[in-house]
Amino acid sequence: MRIYKEKEAFTFCGYDNPPFKKAKAIIVPIPHEATLSYKPGTSQGPQAIINASRHMETYDIELGLEIFGKAPIHTLEQMESNFNSPEEMINEIERSISKLLTFKKFPVILGGEHSITTGIVRAFKRKYSDLTVIQLDAHADLRDQYQGTHYSHASPMRRCREIANVIQVGIRSMSEDEAEYINKNKIKNIYYSPELSIKEILKNTTRNVYLTIDLDVLNPALMPAVGTPEPGGLTWYPFINFIKEIFKQRNVVGADVVELSPIPGIVAPDFMAAVIVYKLIGYKFFGKMNAKSTAKN
Ligand SMILES: [Mn+2]
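Right under this line is the structure:
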């Protein structure tokens, strides 16, 4: 049953939370916000996504089915933040996600700031040695350090590159230091917006893929509710078709959707984030058979 009356209901899609055991997908809210630089508010992201999801149609036209009914989604409680140090928080995230990965579920993590991805990817890399991380993001996130730490929202892809194959998509902003790091180390697999060649990207992608989606990869006209909105970026169909194709052609083992910073009174970005999360789950379990390929290149 859908819970409309109980305002505090904290489940994705707003249905009674299916038992963990029966669930195929797990929503992991990590509302961590500690190292932001511009517009704050990502700690409200997971709650806003879950609230918006309660008003979504759970039947999916594209896939031709009701995703929630066929692939039950269990929502975990929000993970508490540890503000002792950014590194401690990353370690805690790594431990929690590692534990979750002992179960055969598809986790979708809701941020929170992008720093959380470092801990998450460490856990996935332990389980999947051939892991490729595909990052959709306006920003390179390749700073070695920022605000005195290696574990801020400005560094997760630098940390991920130290342990896994990383492909960066939609990038349109970086610091001089990051550009130097890329040139000096001949870093490959960076696709600058608006370049989006799925064939080329798949050539360098191993079987197991982790997707990290910083919502600022989208055009800020569609997605203004982010910490640092950059002009340009992807529109809805190229974005969702790209993701669909990754699910069709590789084994996506988990994903995060981060950096939603809700704007009071404007619900479209929250709703869009909720639909993205729902689509990820739909493509994971039904995309290989049901979703038509629409990618052209
Ligand atoms: Mn980012």
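Number 768 marks the last residue of the sequence shown (our numbering); no jumps. Cβ coordinates follow ideal geometry from the N, Cα and C atoms, glycine included.
Contiguous alpha helix (DSSP H) elements confined to the stretch 527-584 occur at 538-541 and 557-571, taking only those with 4 or more residues. The C-beta distance from R597 to D615 rounds to 23 Å, too long to meet the 8 Å contact threshold. Around P733, the same chain offers G512, Q515, G516, A519, A696, P740 and D741 as residues with beta carbons nearer than 8 Å, after the five sequence neighbours per side are excluded. Straight-line measurement puts the Cα of I521 at about 33 Å from the Cα of E633.
In the three-state DSSP reduction, V697 falls in the strand class (E or B). DSSP, reduced to helix, strand and coil, places N660 outside both helices and strands of the structure shown, so it counts as coil. About 5 Å separates the beta carbon of V604 from that of V637, a gap short enough to meet the 8 Å contact definition. Within the DSSP secondary-structure output, P500 pairs in a beta bridge with L581.
Apart from the 5 residues on each side of it in sequence, Q549 sits with its Cβ closer than 7 Å to the Cβ of P500, P502 and P517 in its chain, given in chain order. In the three-state scheme derived from DSSP, where H, G and I count as helix and E and B as strand, Y681 is classed as strand. The alpha carbon of R525 has as its nearest neighbour, out of F539, E533 and G535, the alpha carbon of F539.
The Cβ-Cβ distance between P578 and I497 falls below 8 Å. Rounded to the nearest angstrom, the gap between the Cα atoms of F491 and A609 is 34 Å. A straight line joining the alpha-carbon of T683 with that of I591 spans about 10 Å. 8 Å or more divides the Cβ of Y681 from the Cβ of F574.
In the three-state scheme derived from DSSP, where H, G and I count as helix and E and B as strand, V724 is classed as strand. Here R593 is buried: its Cβ has 16 or more other Cβ atoms, across all protein chains shown, within 10 Å. Each of T546, D612 and Q618 was checked against the Cα of S644, and the nearest Cα belongs to D612. Per DSSP, reduced to three states, the secondary structure at S524 is helical. Uninterrupted alpha helix (DSSP H) stretches at least 4 residues long and entirely within the stretch 603-670 occur at 627-634 and 647-655, given in chain order.
Apart from the 5 residues on each side of it in sequence, F554 sits with its Cβ closer than 7 Å to the Cβ of A505 in its chain, given in chain order.
Taken from the Cβ of H624, at least one heavy atom of ligand 1 lies inside 7 Å. At least one heavy atom of ligand 1 falls within 7 Å of the beta-carbon of E730.
Boundaries of the alpha helix (DSSP H) harbouring K596: I587 to K598, taken from the DSSP string. Within the same chain, N690 come within 6 Å of T706 by CB-CB distance, once the 5 residues on both sides are set aside. Each of I544, I587, Y708 and D648 was checked against the Cα of I752, and the nearest Cα belongs to I544.
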